[in-house]
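In my numbering, the protein residues as written are 13 to 880.
Cβ atoms here follow ideal geometry from the backbone N, Cα and C, with glycine treated the same way.
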Amino acid sequence: YALSTPTKGRTFFSLPDGDAKEFYGLPILRADGTDVVATHRVFGDAVSKVRKTRGPQIVVIDVERLTSHTNADDHTLYRSADDIREMHAKADPIRILAEQLIAAGISEAQLKEIEHSINHDIDAAFAVARGTPNAKTELSAKKPLPEKLTSAASEQRSGGDALTMLEAMREVFRARLGSDKNIYLYGEDLEDPKGDVFGLTRGLSTDFPGQILNAPLSEATIVGTAIGQALTGKKPVACIQFADFMLPAFNQIASELGAMWWRTNGQWECPVILMAICGAYRPGLGPYHAQTFDATFAHIPGLDVFMPSTAPDAAGLLNAAFESGRPTVFLFPKNLINDRSVASSKDAAKQFVPVGRACVTRSGRDLTIVSWGSTMPLCEKTADALQTAGASVEVIDLRSLSPWDQEAVIASAQKTGKLLVVHEDNHTCGLGGEILATVAEKATVPVQVARVTRHDTYIPYLFETQIEVLPSFRSVLGKAAELLDYSLTWQKPVEEADGFVTVNAIGSSPSDKTVKIVELLVKDGQAVKAGDLLAAVEADKATMEISTPVDGTIEKLFLAEGDSVDVGTPLARIAADKAGLITKPITSENPGTPILEKNMARVPKVGKPAACERKPVLISSITTVLGSRHILNEELLSGHGEWDSEAIRSRTGCEERYWIAGNENVDTLAVKAVQDLLAKENLTLADIDALVCSTGTPLAMTPSLACRVLKELSPAKGEILMQAHDVNAACSGYMYALQNAVDILRDDPSKKVIVITAETLSPMINHEDQKTLALFGDAATASLLSCEPRVGNVNVLVNRPVLSATGVDQKVLYVPHMGTGEVIEMEGLTVFKLAVRKMIDMLAEACEARGIGVDELDKIVPHQANER
13 YALSTPTKGR TFFSLPDGDA KEFYGLPILR ADGTDVVATH RVFGDAVSKV
63 RKTRGPQIVV IDVERLTSHT NADDHTLYRS ADDIREMHAK ADPIRILAEQ
113 LIAAGISEAQ LKEIEHSINH DIDAAFAVAR GTPNAKTELS AKKPLPEKLT
163 SAASEQRSGG DALTMLEAMR EVFRARLGSD KNIYLYGEDL EDPKGDVFGL
213 TRGLSTDFPG QILNAPLSEA TIVGTAIGQA LTGKKPVACI QFADFMLPAF
263 NQIASELGAM WWRTNGQWEC PVILMAICGA YRPGLGPYHA QTFDATFAHI
313 PGLDVFMPST APDAAGLLNA AFESGRPTVF LFPKNLINDR SVASSKDAAK
363 QFVPVGRACV TRSGRDLTIV SWGSTMPLCE KTADALQTAG ASVEVIDLRS
413 LSPWDQEAVI ASAQKTGKLL VVHEDNHTCG LGGEILATVA EKATVPVQVA
463 RVTRHDTYIP YLFETQIEVL PSFRSVLGKA AELLDYSLTW QKPVEEADGF
513 VTVNAIGSSP SDKTVKIVEL LVKDGQAVKA GDLLAAVEAD KATMEISTPV
563 DGTIEKLFLA EGDSVDVGTP LARIAADKAG LITKPITSEN PGTPILEKNM
613 ARVPKVGKPA ACERKPVLIS SITTVLGSRH ILNEELLSGH GEWDSEAIRS
663 RTGCEERYWI AGNENVDTLA VKAVQDLLAK ENLTLADIDA LVCSTGTPLA
713 MTPSLACRVL KELSPAKGEI LMQAHDVNAA CSGYMYALQN AVDILRDDPS
763 KKVIVITAET LSPMINHEDQ KTLALFGDAA TASLLSCEPR VGNVNVLVNR
813 PVLSATGVDQ KVLYVPHMGT GEVIEMEGLT VFKLAVRKMI DMLAEACEAR
863 GIGVDELDKI VPHQANER
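Take a look at the structure:
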């Protein structure tokens, strides 16, 4: 029985017309499963054949199901009492084995003893299980990751023009395959000479035989096999040719791959990387080779889901997937795999992108655009157009879709007040809706939101209809302009003159981005017929020929033999014999030139922010960077005989100092201090409103050190503009810089200011003067000031100085409670007393550590000093 349905006549081994003798040419061996001895013999024959032939065998064991299917099933409803009684009498393998053993001379008492022992073990195990507490609720189905795999500080990525996304991923595979024999790739057409239909694994099976394996055309088998191999310690990469074809394996992905760690309470891990190329935006893909399904896979608990848009991110995320040990769905866009505008440097194998961290590709203040995969170039193009019109747009590449970087998106949306999410997957239940809902739930300020997505339909074959269904430059810029209250018109592109047809260079597949002109087969002025060959070109995957679509005359050739050009570059213009005979196919979006104008009449007047009379100015964090050269007194005095180390220590208190070395200077120290501060506070430079730098040793007076730090830390795209100036004063310069920052925050309490101190005095020291030689070092600090209570707050600046000339100022202070960010109001004198109490406690601890009793303190310091 299956459940209540008899299996006879309904399986591959039991057909409607009787038992089958073979299955696809493989003989079916049969065993009476109620007879252990007979079953052992049949299996012995099968195993012998496997060992001899190294091929598979099929054994069908005939057994009865002795009980109901489950405790929710009652087999008396569909089996007769006589049938059940006969089954227990004649089909119980344990009872039959006992009878065989007794017949062979084993005593019944010995069997009873064995049975008693087994029952005792079962009862004991049941008692243990029954007494075990219930499982604790686990709210995540993913194995926790160490901080190094999720920390922003662990990111290592660099762009360039050396490796495309495809090449960068291949380099990662090459490095991983060479370093770990447990890693292997399994999928259709992966082995050479094909090396994957897009060339991803080209050359790898030759270099790593046995680690690149071709699979049958069965996606469920590919994924299921990978899961089984992962449970035995292997590290498989299961390759599916297109994301569209992952659906036949959906049960394996959702019920097994994603669930394994959770349902075994972390005892079993399933480190499978499931890779598939995805997406549209290329002519000729149609509905079966153009889906992404990113929201579908992000919906499955237990899976990490990645989708890069650049070669460095593809390499970095692939390395993260290998390091995490978590099951990962890795989707990569076919539209970008050969795009050299998003290429990587040569060291792709060393790049790393932390799990769950987005990338802010450009900073801005007016609008946040979040996207991933193939739609990222549309968002960057939109930001460029808006920047020309005077709008500042922040663009975030999510990269990791599950988990996704809620913190970065919410922080950016709160900063700009406007959020646009753009994605290629369809609108309803897409990931964009999840992102907007999360921002709506968690943002602490109002945020205006919108989406641009694929319509709820399938991807068409014809490209000009594709760009109507999918997000396009026209639709993304239109929605962004609407959010920013810009009017948008389009200046149409110049159309081709009647009677002329331009033939563009094309590739052999939708993924080709560039081609090389191998041979030109026509000349200027030559008459051609439709179908005549114009040129032979070499693409990434194959060499092909381009033919003329019309009868006519070659009016002009634009390219020469040996030229390497982007797909879509004009190759030749033909004067057609019959104008308007054909319609030139559209292979790229060209809506024209956008004309953007701000609707000034509707811009609300913004008054000056309320002064910060009662709001505290808080120092949230301070980071410090020292020169890398550590100098002790002994090294400093080398060659000097006047003083020794103790003389310096007793006179100055100095035993060591740090000096710059190598390529270090005041600029590099200041930049590093600010970088550390931003990482510590989990901020970007775009979150900061002003830089104030105190320095007495700038490399140059103009531009200021603050401006040089700003330029060094600004992203390549989306220039960050803010107030940045120096306070050129030694010693007390930090106090002056703090006062500048407080003035800025009094004018607008919503701002954040970084105060930098940076000094490099070692190059100025007179090494012959021992009285000053020991006093100076090289360092930089960065302090974050704001009126916003933050968990990192460690100190307070108040409306007026804490200490006045007459002692303690009695003005009210607002003190952040350590570790919580909660602001506590108390009188200045109370704060001062708390500080003194803290010092007394520290002194007592120091005394205790040294074995000094309180009654002995008088011997160390005068009574008045002790009391004070």
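**Asked** Thinking C-alpha only, which one of I70, S559, Y196, G45 is nearest D57?
**Response** Nearest C-alpha to D57: I70.
**Request:** Report all residues from its chain with a CB closer than 6 Å to the CB of E268; omit the five preceding and five following residues, and keep chain order.
**Result:** Excluding residues within five positions, the ones whose Cβ falls inside 6 Å are I239.
**Request:** Identify which residue in E159, E436, D679 has its Cα closest to the Cα of R294.
**Result:** Out of E159, E436, D679, E436 has the C-alpha closest to the C-alpha of R294.
**Message:** Between L343 and D306, how many whole angstroms is the CB-CB distance? I'm expecting something under 8 Å.
**Reply:** With a contact defined as Cβ atoms closer than 8 Å, L343 and D306 qualify at about 6 Å.
**Request:** Could you pull the start and end residues of the beta strand (DSSP E) that D173 belongs to?
**Result:** From DSSP, the beta strand (DSSP E) with D173 extends over 171-175.
**Request:** Look at A791 and L638 and say whether their C-beta atoms are less than 8 Å apart.
**Result:** In contact: A791 and L638 (Cβ atoms closer than 8 Å).
**Item:** For S762, the nearest candidate out of S357, I224, G222, V457 (CA to CA)
**Value:** For S762, the closest of S357, I224, G222, V457 by C-alpha to C-alpha distance is V457.
**Request:** Taking I381 and C391 to be in contact with their CB atoms under 8 Å, please state how far apart those CB atoms are, rounded to whole angstroms.
**Result:** Between the beta-carbon of I381 and that of C391 there is about 5 Å, and that keeps the pair under the 8 Å contact cut.
**Asked** L533 lies in the alpha helix (DSSP H); which residues open and close that run?
**Response** Note, L533: premise wrong, no alpha helix (DSSP H); not H, not E.
**Prompt:** Which word fits N807, buried or exposed, when buried means at least 16 other C-beta atoms lie within 10 angstroms of its C-beta?
**Reply:** Any reading at N807 must be qualified, since the residue scores a pLDDT of 41, below 50, and its modelled position is unreliable; the value itself is stated next. Around the beta carbon of N807, fewer than 16 other beta carbons lie within 10 angstroms, which makes this residue exposed.
**Message:** Considering only their Cβ atoms, is the gap separating V721 from A659 smaller than 8 Å?
**Reply:** Against a cut-off of 8 Å, the Cβ pair of V721 and A659 comes out as no contact.
**Prompt:** Of the choices C743, Q735, A742, whose alpha-carbon is the least far from that of N752?
**Reply:** Q735 is the residue among C743, Q735, A742 whose C-alpha sits nearest the C-alpha of N752.
**Prompt:** What are the partner residues of A588, as DSSP defines its beta bridges?
**Reply:** DSSP lists G564 as partners of A588.
**Message:** Please state the DSSP three-state secondary structure of C743.
**Reply:** Under the three-state reduction of DSSP output, C743 falls in the coil class, being neither helix nor strand.
**Asked** Cα separation between G833 and D701?
**Response** Caution is warranted here: a pLDDT of 39 is assigned to G833, below 50, making its placement in the model unreliable, and the coordinate value is therefore given only provisionally. Each residue's Cα considered, the two are about 21 Å apart.
**Message:** Among the candidates R66, C705, L711, whose CA atom is the shortest distance from the CA of A718?
**Reply:** If we check each option's Cα against that of A718, C705 comes out closest.
**Item:** Supposed close pair P606, W671 - CB separation, criterion 8 Å
**Value:** No, P606 and W671 are not in contact; Cβ-Cβ is about 54 Å, not under 8 Å.
**Prompt:** CB-CB under 8 Å to Q687, same chain, minus the five flanking residues each way: which ones, in chain order?
**Reply:** The answer, listed in chain order, is L725.
**Prompt:** Which runs of the alpha helix (DSSP H) fall wholly inside the stretch 195-258 and span at least 4 residues, in chain order?
**Reply:** Counting only runs of 4 or more, we get 216-219, 231-243.
**Item:** Inter-stretch contact at 8 Å, needing at least 3 Cβ pairs: the stretch 202-209 / the stretch 185-192
**Value:** Look at the beta carbons and you see the stretch 202-209 not touching the stretch 185-192: under three pairs across the two are nearer than 8 Å.
**Item:** Euclidean distance between Cα positions of P299 and E231
**Value:** So the two alpha carbons sit approximately 18 Å from each other.
**Prompt:** Excluding five sequence neighbours on each side, which residues of the same chain lie with their C-beta closer than 6 Å to the C-beta of F25?
**Reply:** Cβ neighbours of F25 beyond the five flanking positions: A32, I40, V72.
**Prompt:** For the putative contact between E668 and S657, defined by C-beta atoms under 8 Å, what is the C-beta separation to the nearest angstrom?
**Reply:** That pair is no contact at about 10 Å.
**Item:** Cβ-Cβ distance between L532 and I558 below 8 Å
**Value:** Contact flag unset, no.
**Prompt:** With 16 other CB atoms within 10 Å as the buried threshold, where does F35 fall?
**Reply:** So F35 counts as exposed.
**Asked** What is the DSSP secondary structure of H435, counted as helix, strand or coil?
**Response** Strand at H435.
**Message:** So E550 and V527 are supposed to be a Cβ contact under 8 Å. How far apart are they, rounded?
**Reply:** Contact between E550 and V527 is confirmed by a C-beta separation of about 6 Å, below the 8 Å threshold.
**Request:** List the endpoints of the continuous beta strand (DSSP E) containing H779.
**Result:** First-last for H779: undefined, no H or E at that position.
**Message:** The alpha helix (DSSP H) that contains W274, what's its start and end?
**Reply:** Its alpha helix (DSSP H) spans residues 272-275.
**Prompt:** To the nearest angstrom, how far is it from the Cα of V530 to the Cα of T514?
**Reply:** When rounded, the distance between both Cα atoms is 19 Å.
**Message:** At 3 residues or longer, what runs of the beta strand (DSSP E) sit wholly inside the stretch 624-676?
**Reply:** Taking only runs of at least 3 residues, the beta strand (DSSP E) segments lying wholly in the stretch 624-676 are 629-638, 641-644, 668-671.
**Item:** Candidates V678, C799, R758, of which the one nearest M776 by Cα
**Value:** Of the candidates V678, C799, R758, the one whose C-alpha sits nearest the C-alpha of M776 is V678.
**Request:** Out of G199, Q241, I234, G245, state which residue places its alpha-carbon closest to the alpha-carbon of I224.
**Result:** Ranking the options by Cα distance to I224, first place goes to G199.
**Request:** Please state if the CB of D544 and the CB of T560 are separated by a distance shorter than 8 Å.
**Result:** Result yes, Cβ atoms of T560 and D544 sit closer than 8 Å.
**Request:** Count the other C-beta atoms from every protein chain shown that fall within 10 angstroms of the C-beta of M747, then say buried if there are 16 or more, exposed otherwise.
**Result:** Around the beta carbon of M747, fewer than 16 other beta carbons sit within 10 angstroms, so the residue counts as exposed.
**Request:** Kindly indicate the opening and closing residues of the beta strand (DSSP E) around Q264.
**Result:** For Q264, there is no enclosing beta strand (DSSP E), as DSSP marks it with neither H nor E.
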